[in-house]
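See below for the structure under consideration.
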Amino acid sequence: MGAAISISGVQAGGDNSVRVSIRTDAATVALAGNPNVGKTSVFNALTGLRQHTGNWPGKTVERAQGIFTQGSHSYVVVDLPGAYSLSPRSAEEEVARDFICFAQPEVTVVVVDATALERNLNLALQVSEVTPRMVVCVNLIDEAKRKGYSVDAPGLSLDLGVPVVATVARAYRGIDELKNVIDKTARGEIRPNPRPIEYGPEIETEVARLVGELAGIVADRLPTRWVALRLLEGDEDTLQKIAEFLGDPAFTNNVPRLLEV
Amino acid sequence: MTLLNANLGQTVSVVGLTAEGLVRRRLLDLGFTPGARVDVLHRSPMGDPVAYRVRGATIALRGVDANQVLVREK
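Chains as they are written, first to last, in our numbering: chain A, 1 to 261; chain B, 1001 to 1074.
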């Protein structure tokens, strides 16, 4: 036998051995979303059978990841547990928060339920404060249509400042476009520009002050505005994770001083 | 009145929250924002928690949390 044949990331060797190669040059794509939005359908539609499951280290939370290729680029897709918010209240939500905020995937896809957009966009807005490299996937547009809603994906995209793709993942509708948009976002061909969420003059004054103070400590390792907002919110669990991530005593040591008004 | 006082089958509208800090944040994340419509769906056998329909999802709240959501009849 000659060269090994590479079929969709799975290599069949000449000695009848089959090994799955996770290419190290593959970019990581996180799939986030509220519970019950069809996130796993989107995951299955993207990756087909090229996936494996396990657990997150030290947690009884299932971890599924798979691969898809678009042109000459491979992407490792991580199906995150359902979450309503990036302020976690369960082990599942904690896994999702940690991955989106600290594993810093190349692209984060937020899957939203077209029949409950108002509720679902809360998470999308929170993600947009953490990373601009995001795509919103409006799933279940067939069910929305049955309920009499029509989804204006281009309009939503303009309002949010990020690409929006409408899908019916169970029927593979919109999946090719989703792959294309993920690929373009990962390669910088699409540069999402999420519209910043403004919290009113009182909070914005403090945010501006903290962003200035944090610039030297956080640098470009995390979005400073997001860190400033967590400081103001007093989200201790997330603050501890931020401190661990930065691994810099300057952050922890400065927190009490930073919060002095 | 608070959401805890709403009867089974009743539909109410959120007026505000008395909760503060992370509980307030959580209730807001779950969709209990001013003006949101809430249907009281089911009560568990012991009466706590209670399942509510809010913004297209079914959410169970403990009495102690539901009591911090101010509502009025719709």
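Beta carbons: idealized from backbone N, C-alpha and C, even for Gly. Note that the structure is a prediction, hence the values are computed from the model and not measured.
Use the C-beta contact count for residue i: other C-beta atoms within 10 angstroms, 16 or more gives buried, fewer gives exposed.
{"i": "Q240 (chain A)", "result": "exposed"}
{"i": "L1030 (chain B)", "result": "buried"}
{"i": "G71 (chain A)", "result": "exposed"}
{"i": "A171 (chain A)", "result": "exposed"}
{"i": "V255 (chain A)", "result": "exposed"}
{"i": "P88 (chain A)", "result": "buried"}
{"i": "D152 (chain A)", "result": "exposed"}
{"i": "C215 (chain A)", "result": "Sequence inspection shows Ala at residue 215 (chain A); the Cys mentioned does not correspond to that position. Flag for A215 (chain A) reads exposed."}
{"i": "V110 (chain A)", "result": "buried"}
{"i": "T131 (chain A)", "result": "buried"}
{"i": "M134 (chain A)", "result": "buried"}
{"i": "L25 (chain A)", "result": "At residue 25 (chain A) the sequence reads Asp, which differs from the Leu that was named. Classification of D25 (chain A): exposed, given that the 10 Å Cβ count is below 16."}
{"i": "T1058 (chain B)", "result": "exposed"}
{"i": "A116 (chain A)", "result": "buried"}
For residue i, does the three-state DSSP call read helix, strand or coil?
{"i": "F1032 (chain B)", "result": "coil"}
{"i": "L46 (chain A)", "result": "helix"}
{"i": "Q240 (chain A)", "result": "helix"}
{"i": "A1060 (chain B)", "result": "strand"}
{"i": "A153 (chain A)", "result": "helix"}
{"i": "R1072 (chain B)", "result": "strand"}
{"i": "A91 (chain A)", "result": "helix"}
{"i": "D159 (chain A)", "result": "helix"}
{"i": "D25 (chain A)", "result": "coil"}
{"i": "A166 (chain A)", "result": "strand"}
{"i": "L1008 (chain B)", "result": "coil"}
{"i": "R187 (chain A)", "result": "coil"}
{"i": "R173 (chain A)", "result": "strand"}
The ligand NAD and residue i: does any heavy atom of the ligand fall closer than 7 Å to the residue's C-beta?
{"i": "D152 (chain A)", "result": "This structure lacks the ligand NAD, and indeed carries no ligand of any kind."}
Tell me the rounded alpha-carbon separation between residue i and residue j.
{"i": "L158 (chain A)", "j": "A250 (chain A)", "result": "39 Å"}
{"i": "A27 (chain A)", "j": "P1049 (chain B)", "result": "43 Å"}
{"i": "S21 (chain A)", "j": "I67 (chain A)", "result": "Because S21 (chain A) carries a pLDDT of 49, less than 50, the predicted location of this residue cannot be relied on, and the following value inherits that uncertainty. Answer to the nearest angstrom: the Cα atoms are 10 Å apart."}
{"i": "A1019 (chain B)", "j": "V42 (chain A)", "result": "36 Å"}
{"i": "A103 (chain A)", "j": "D220 (chain A)", "result": "14 Å"}
{"i": "F245 (chain A)", "j": "V1012 (chain B)", "result": "43 Å"}
{"i": "E129 (chain A)", "j": "P194 (chain A)", "result": "8 Å"}
{"i": "L140 (chain A)", "j": "K39 (chain A)", "result": "10 Å"}
{"i": "V77 (chain A)", "j": "Y149 (chain A)", "result": "30 Å"}
{"i": "K147 (chain A)", "j": "C101 (chain A)", "result": "35 Å"}
{"i": "R97 (chain A)", "j": "R1072 (chain B)", "result": "34 Å"}
{"i": "F1032 (chain B)", "j": "A1066 (chain B)", "result": "10 Å"}
{"i": "G54 (chain A)", "j": "E260 (chain A)", "result": "44 Å"}
{"i": "S6 (chain A)", "j": "I175 (chain A)", "result": "Since pLDDT at S6 (chain A) reaches only 37, below the 50 mark, its modelled position is unreliable, and no value is offered."}
{"i": "I232 (chain A)", "j": "V1069 (chain B)", "result": "The amino acid occupying residue 232 (chain A) in the given sequence is Leu; Ile does not appear at that position. The straight-line gap from Cα to Cα measures roughly 23 Å."}
{"i": "D183 (chain A)", "j": "R191 (chain A)", "result": "11 Å"}
{"i": "F99 (chain A)", "j": "P1034 (chain B)", "result": "31 Å"}
{"i": "V1064 (chain B)", "j": "Q51 (chain A)", "result": "42 Å"}
Just curious, the alpha helix (DSSP H) that residue i is in, first and last residue?
{"i": "E129 (chain A)", "result": "117-130"}
{"i": "T252 (chain A)", "result": "249-258"}
{"i": "N139 (chain A)", "result": "Counting along the chain, N139 (chain A) falls outside any alpha helix (DSSP H), though it belongs to the beta strand (DSSP E) covering 134-139."}
Name the two residues that bound the continuous beta strand (DSSP E) containing residue i.
{"i": "V218 (chain A)", "result": "Here V218 (chain A) belongs to no beta strand (DSSP E); instead the alpha helix (DSSP H) covers 201-218."}
{"i": "F68 (chain A)", "result": "62-70"}
{"i": "V37 (chain A)", "result": "Run containing V37 (chain A): none; DSSP gives neither H nor E here."}
{"i": "V227 (chain A)", "result": "Note, V227 (chain A): premise wrong, no beta strand (DSSP E); alpha helix (DSSP H) at 224-233."}
{"i": "A1051 (chain B)", "result": "1050-1054"}
{"i": "L1017 (chain B)", "result": "1011-1017"}
{"i": "N55 (chain A)", "result": "51-55"}
{"i": "L80 (chain A)", "result": "Per DSSP, L80 (chain A) belongs to no beta strand (DSSP E) and is neither H nor E."}
{"i": "L990 (chain B)", "result": "Coverage of chain B is limited to positions 1001 through 1074, which leaves residue 990 (chain B) absent and any answer about it impossible."}
{"i": "T108 (chain A)", "result": "107-113"}
Please confirm if the region 1006-1017 of chain B is in contact with the region 76-93 of chain A, defined as three or more CB-CB distances below 8 Å between the two stretches. Fewer than three pairs of CB atoms, one per stretch, sit closer than 8 Å, so the region 1006-1017 of chain B makes no contact with the region 76-93 of chain A.
Any 3 or more C-beta pairs closer than 8 Å across the region 107-124 of chain A and the region 195-212 of chain A: Taking a contact to require three or more Cβ pairs closer than 8 Å, the region 107-124 of chain A and the region 195-212 of chain A do not qualify as touching.
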